Each structure stands twice: as C-alpha cells, then as structure tokens.
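Undergrad: Below is one structure. I have some questions about it.
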Amino acid sequence: MNIFVGNLNYNLTQDDLREIFEEYGELDSVKLITDKFTGKSKGFGFVEMANEEEAKKAIEELNGAELEGRTMVVNESIDKPRENRRPAGGGFRGGNNRGGNSGGGYGRRDNNYRSNY
1 MNIFVGNLNY
11 NLTQDDLREI
21 FEEYGELDSV
31 KLITDKFTGK
41 SKGFGFVEMA
51 NEEEAKKAIE
61 ELNGAELEGR
71 TMVVNESIDK
81 PRENRRPAGG
91 GFRGGNNRGG
101 NSGGGYGRRD
111 NNYRSNY
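Quick look at the structure:
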C-alpha cells in the first residue's frame with residue numbers, strides 16, 4: 001500500500017521517515033519529496049508498505065501524531081493513472097508579434113491596423 005505523509009518538519013530526512021515507519025512493518029520504499037533546485041524537503045513524502053494490515057495500522061496511529069513540532073497527515077495515497085492526469089503547465093499561451101487573436105498580449109495591434117503580410 002502506498003502511503004502519503006504530509007506536514008513534515010523540513011529538517012526531517014528520508015532516513016528519519018524510514019525509521020518511523022519501520023516500527024510498523026516491512027517497507028518497500030520511502031521517498032521524501034525535495035525541491036529539484038535546492039534539494040531541500042518540501043515537507044511531504046510517500047512510504048510504500050508490503051503488508052496492507054501493517055500499513056493501515058501505521059496510518060491509524062501516525063495520522064495526527066506530532067513529530068518535531070508538526071502534526072503529521074498520514075493517509076492512503078491513491079495513484080491516478082498517468083493518462084488521466086491533467087497536463088502540467090496550466091495552459092500558458094505565448095503570443096507572436098503579429099497581433100490579432102493569436103494569444104498573449106505582446107505586440108498586439110489595434111484591430112484597425114492593416115498589415116501587408
């Protein structure tokens with residue numbers, strides 16, 4: 001079972017997270033999410049446990065527990081298939097410098113302007 005672990009102290013390491021969850025059973029993987037530019041923790045991660053009963057016990061006991069001054073959020077992570085996810089980027093439409101309704105506002109010209117191209 002894949003478990004989401006959030007609201008973590010930014011100083012917590014992946015090894016710390018592993019230690020906490022190993023008390024509940026065998027772990028398949030532990031991943032603390034970090035910023036790709038700074039390498040610093042983003043305050044959340046994922047733990048995958050082999051045994052579903054052990055995973056449920058870990059979720060039950062750790063969700064709402066205080067760790068290093070923060071209240072952890074621990075729940076089952078539900079993976080969405082990649083093809084069903086919304087594309088990243090949020091729909092930015094860059095414009096060209098020819099004006100008209102081609103997106104973006106850069107170089108936009110008045111509608112009364114006549115172009116020779």
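The opening residue of the sequence shown carries number 1 in full-length UniProt numbering; numbering runs sequentially from there. In this text, a Cβ means the ideal position worked out from N, Cα and C, and glycines have one as well. Note that the structure is predicted; figures quoted are calculated from it, not measured.
(1) Got a sec, what are the start and stop residues for the beta strand (DSSP E) D16 sits in?
(2) Classify E53 as helix, strand or coil using the three-state DSSP reduction.
(3) Mapping DSSP to helix, strand and coil, what is E60?
(4) Taking the alpha carbon of D28 as the point to measure from, which residue in N51, D16, E66, T13 has its own alpha carbon closest?
(5) How would you call S41, buried or exposed, if buried means at least 16 neighbouring beta carbons within 10 angstroms?
(6) Taking 7 Å as the limit between beta carbons, can you name the residues of its chain near E66, skipping five residues before and five after?
(7) Using alpha carbons as the reference points, say which of G64, K31, E48, V73 lies closest to G25.
(8) Do N63 and F4 have their C-beta atoms closer together than 7 Å?
(9) I'd like the list of long-range same chain contacts for Q14, defined as Cβ closer than 8 Å, with 5 residues on each side in sequence excluded.
(10) Tell me, which residues are paired with T38 by DSSP?
TA: In terms of the structure at hand:
(1) D16 -> not in any beta strand (DSSP E); alpha helix (DSSP H) instead, spanning 14-22.
(2) helix
(3) Reduced to three states, the DSSP call for E60 is helix.
(4) N51
(5) S41 should be labelled buried.
(6) none
(7) E48
(8) no
(9) Within the same chain, Q14 has close Cβ partners V30, K31, L32, G45.
(10) Paired residue(s): none; T38 is not in a bridge.
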